[in-house]
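Chains as they are written, first to last, in full-length UniProt numbering: chain R, 1 to 383; chain W, 1 to 349. Structure first, then comments.
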């Protein structure tokens, strides 16, 4: 079991509660579960890495339990109860250095710190569809849902969101545009956030600007967009909808760059590999497909692998490089640690509003207060 | 060039046979300088394919004649070949090689990876706990609501009535322009397990939406070739109230399994063999043929069947996960014509 789990580069969660690992080099899929406890209420709805070294997978199930799966040992090591069915499914799990963040559909976002029994609770609003963690600033999370606009929360100050998006202006009939945020992603190396909605819109928000409305809005198709993924490079986003259409959109102008063929069912998970131009997709048609982002074909090295249950979520292992057909069975481990060191040693270029510390924010609030005072003075002077 | 024209002008006045002879002579002339050996091999025609084909002959009568001749030749050759082979086979007797199986589209079907292995545990588990499990564990009896799109015409109305006689415990209701999303919660509260909506276009039924009710999958089919009872030849008397048996043929893939279960759950789980009625859903090349028969065993080897009831063919257009919600629902399978219909030998059911 252990050797199987170590070679798996893609992890998927299915509706029947079975965690599946796919070894792309061997082109095989393995099931990791205890057959005795398989049931529909163990349906996996969220997956994330347990730590930076990618040695543990955290699995969130419908019945509210979060299981830890160790990739080195190949077994489930721990189970934690983080909620129950009445609160809804997990819409996101994230991990910071010492704590676990979970968010459920009813809007309850909890931070479970290890060692201590108390939790920090935030009510994020009504029906939440997705909660994502900022990969560079791990204490920031973004949430969004149906009639629940995008909100960015800082877990160190949990009473108010840092950024709440404002709804777009009324449409040409002067009617309020409905809000249904289905997936959120933080664009790396900047403060911007990209969302895709159930009304087939893709929007980009920039919290660093005072504009709370979206900076860019693009539309694709006629069906709700379910997931999105960000390929390497800062100008593209890949979205998938309930009809099985996957499209690459350009974020500079909001145009459709191209579509991926092959998927016949609703897209449930999309992930881009960080280094190679590959995109993996899974959906309700029970297939895992690997697409090439350059020429949008389905890559030959990994033909669609069939699973016998509906696939809910999945993600890549960033450590294991997807090997071509030359190296048979060997998996090269990219030296992720070295890369991290390289990044850390580089100087961080702080742009306006990029790294907001507490002091800067206090300054800004002071500035706005001063401006307001000045305005008042001016008005009094005019009068 | 000119010579050809002259010869053609002359031959217009002549009869058919002469025309043919002339044509052959012309061809021979043209081919003369090219291939002498070819001429010697066949007396009537050069063996090498002529550089002009039959379609280049501008005269329709002559062209048709030449084509007819070509076909006759081919048929003759085929017969000769067949006779030769049969003689060889008889001559060899037992040692003859086995007869070759002709290639059909079903034979050449591209192997579908989703074909369900009967021993697959995971699929068995999946099916054991999906939306139909309550029915297959004999806990619930089906109750079907049949309706149409708004303002149906005579043919559709009669089709619905006949369907209601075929499917036990089915009720036909007039649509009255109601929205399906509002009809569904009412059906659920009245314990219906299926909602069947026959869509009509130009006075003829052409689509069917089959929605499994508590929260089950919704299948959208294209209906074609509907034959009502009146139009069937040599049919039996009207079906009785007995529960029919159900035959599901050829639903091999995972998607096919789901659809097969969808159909099976329409009928009560315990067929009454006394009624000797059977409903068949036969899948071939992604088309599902529905037939309703009454059978009688005359002796151990002979069965007599009478076809009763309507017959129609279905083609799956999409399978959606929840109850009917075409705008915001999640689709499990959608028929995409340009991607899926490009290969003639690839089928999905």
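Think of the CB as a built atom: it goes at the ideal place given N, C-alpha and C, for glycine as much as any other residue.
With residue 212 (chain W) and residue 330 (chain W) assumed to form a contact (beta carbons below 8 Å), what rounded beta-carbon distance in angstroms separates them? Actually they do not touch by this definition, with Cβ atoms about 15 Å apart.
Is residue 260 (chain R) helix, strand or coil when you go by DSSP? strand
Any chain W beta carbon closer than 8 Å to residue 7 (chain R): no
Is there contact between the region 218-226 of chain W and the region 97-110 of chain W, where contact requires at least three CB pairs shorter than 8 Å? no
Determine the direct distance from the alpha carbon of residue 149 (chain W) to that of residue 157 (chain W), and round the result to whole angstroms. Straight across, the Cα-Cα distance linking residue 157 (chain W) with residue 149 (chain W) is about 10 Å.
In the DSSP assignment, find the unbroken alpha helix (DSSP H) run with residue 128 (chain W) in it and report its ends. 121-128
Quick one, which residues of the region 324-346 of chain W are near chain R if we go by CB-CB under 9 Å, in chain order? 327, 328, 329, 330, 331, 332, 333, 334, 335, 336, 338, 339, 340
Nearest chain W C-beta to residue 275 (chain R) closer than 8 Å, yes or no? no
In whole angstroms, give me the CA-to-CA distance for residue 294 (chain R) and residue 179 (chain R). Computed Cα separation, rounded: 33 Å.
Contained beta strand (DSSP E) runs [length at least 3] in the region 44-118 of chain R, N- to C-terminal order: If we require 3 residues or more, the beta strand (DSSP E) runs fully inside the region 44-118 of chain R come out as 44-49, 56-61, 65-70, 75-81, 90-95, 99-104, 108-113.
Whether residue 261 (chain W) touches residue 204 (chain W) by CB criterion (8 Å): no
Top-ranked residue by Cα proximity to residue 63 (chain R), from R:31, R:262, R:268, R:91: Of the listed residues, the one whose Cα sits closest to residue 63 (chain R) is R:91.
I'd like the list of long-range same chain contacts for residue 101 (chain W), defined as Cβ closer than 8 Å, with 5 residues on each side in sequence excluded. 107
Any chance you could list the beta strand (DSSP E) runs of at least 3 consecutive residues sitting entirely within the region 219-287 of chain W, in chain order? 245-249, 277-284
Have a look at residue 142 (chain W) and residue 258 (chain R) and give me their C-alpha separation to the nearest angstrom. 46 Å
Quick check on DSSP: helix, strand or coil for residue 166 (chain R)? coil
How close, in whole Å, do the beta carbons of residue 142 (chain R) and residue 93 (chain R) come, if the pair is a contact with beta carbons under 8 Å? No, residue 142 (chain R) and residue 93 (chain R) are not in contact; Cβ-Cβ is about 14 Å, not under 8 Å.
What are the complete beta strand (DSSP E) segments, minimum 3 residues, inside the region 78-162 of chain W? Restricted to the region 78-162 of chain W, the beta strand (DSSP E) segments that are unbroken, complete and at least 3 residues in length are 144-148, listed in chain order.
So, are the CB atoms of residue 239 (chain R) and residue 196 (chain R) less than 8 Å apart? yes
Checking contacts by CB at 8 Å: is residue 244 (chain R) closer than that to chain W? yes
Could you tell me which chain W residues have their CB closer than 7 Å to the CB of residue 224 (chain R), listed as they occur along the chain? What residue 224 (chain R) touches in chain W: 328.
Taking 7 Å as the limit between beta carbons, can you name the residues of its chain near residue 358 (chain R), skipping five residues before and five after? Unreliable positioning characterises residue 358 (chain R) in this predicted model, as indicated by a pLDDT of 44, which lies under 50. The coordinate reading is nonetheless provided below. Excluding residues within five positions, none has a Cβ falling inside 7 Å.
State yes or no: is the C-beta of residue 57 (chain W) within less than 8 Å of the C-beta of residue 68 (chain W)? Against a cut-off of 8 Å, the Cβ pair of residue 68 (chain W) and residue 57 (chain W) comes out as no contact.
What does residue 355 (chain W) reach in chain R if we use C-beta pairs closer than 9 Å? This structure leaves residue 355 (chain W) out entirely; chain W is present only between 1 and 349.
Give the single residue among R:126, R:81, R:250 whose Cα lies nearest to the Cα of residue 119 (chain R). R:81
Excluding five sequence neighbours on each side, which residues of the same chain lie with their C-beta closer than 7 Å to the C-beta of residue 251 (chain W)? 257, 259, 260, 283, 349
Contacts of residue 253 (chain W) in chain R (Cβ-Cβ under 9 Å): Under the 9 Å cutoff, chain R gives no residues; its nearest Cβ is about 10 Å from residue 253 (chain W).
My guess is that residue 286 (chain R) and residue 254 (chain W) are in contact by the Cβ rule of under 8 Å, so how many angstroms apart are they, rounded? 7 Å
Can you grab the Cα-Cα spacing for the pair residue 163 (chain W) / residue 233 (chain W), in whole Å? Taking the straight line from one Cα to the other gives about 18 Å.
Which term fits residue 62 (chain W), buried or exposed, when burial requires 16 or more other beta carbons within 10 angstroms of its beta carbon? buried
Identity of the residue in R:72, R:43, R:68, R:33 nearest residue 9 (chain R) by Cα: R:72
At least three beta-carbon pairs within less than 8 Å, the region 176-190 of chain W to the region 267-279 of chain W: Short answer: they don't touch.
What do you get for residue 324 (chain R), buried or exposed, if any count of 16 or more other CB atoms within 10 angstroms of its CB means buried? With a pLDDT of only 34 at residue 324 (chain R), under 50, the local geometry of the prediction cannot be trusted, and the value read off the model is given with reservation. With fewer than 16 other CB atoms across the displayed protein chains lying within 10 angstroms of its CB, residue 324 (chain R) is exposed.
Would a check of beta-carbon distances place residue 181 (chain W) closer than 8 Å to chain R? By this cut-off, residue 181 (chain W) is not an interface position.
So is residue 16 (chain R) buried or exposed if we call it buried at 16+ other beta carbons inside 10 Å? buried
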